[in-house]
Amino acid sequence: MASFINEAGWDRALRVTLGVVLLYLGWAGVVGGTLGWIFKIGGFLPLVTGIAGWCALYAVFGITTCSRIPDRA
Numbered sequence: 054m055a056s057f058i059n060e061a062g063w064d065r066a067l068r069v070t071l072g073v074v075l076l077y078l079g080w081a082g083v084v085g086g087t088l089g090w091i092f093k094i095g096g097f098l099p100l101v102t103g104i105a106g107w108c109a110l111y112a113v114f115g116i117t118t119c120s121r122i123p124d125r126a
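Numbered per the numbering used here, the sequence shown spans residues 54 to 126.
If you want it as structure tokens, here you go:
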């Protein structure tokens, strides 16, 4: 599974933090209305990609933030 990881540790931590913050702002009612719903739904994307360590856009464009190139076995 390590061959699919294209995010470095700092990138993953940043994404998880961003996802948690967006979800908190949306679900706690800090931000309401349409923007609150965008935060509620949009917060899952960085959270899931940060937990998984794989970003589809990174894969499409051949980007990686890892310091090492993953094994392509």
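Where is the CB? At the ideal position from N, CA and C, for every residue including glycine.
{"Check": "Please state if the CB of Gly106 and the CB of Val69 are separated by a distance shorter than 8 Å.", "Outcome": "no"}
{"Check": "Please classify Gly86 as buried or exposed, where buried requires at least 16 other C-beta atoms within 10 Å of its C-beta.", "Outcome": "exposed"}
{"Check": "Roughly how many angstroms separate the alpha carbons of Trp63 and Tyr77, rounded to a whole number?", "Outcome": "21 Å"}
{"Check": "Do Gly79 and Phe92 have their beta-carbon atoms positioned less than 8 Å apart in this structure?", "Outcome": "yes"}
{"Check": "Quick check: what's the CA-CA separation for Gly72 versus Leu110?", "Outcome": "17 Å"}
{"Check": "Look at the Cβ atom of Ile120, then the Cβ atom of Ala66, and state whether they are nearer than 8 Å.", "Outcome": "Checking the sequence shown, residue 120 turns out to be Ser, not Ile. No, the Cβ-Cβ distance between Ser120 and Ala66 is not below 8 Å."}
{"Check": "Which residues mark the beginning and the end of the alpha helix (DSSP H) in which Thr70 is found?", "Outcome": "62 to 80"}
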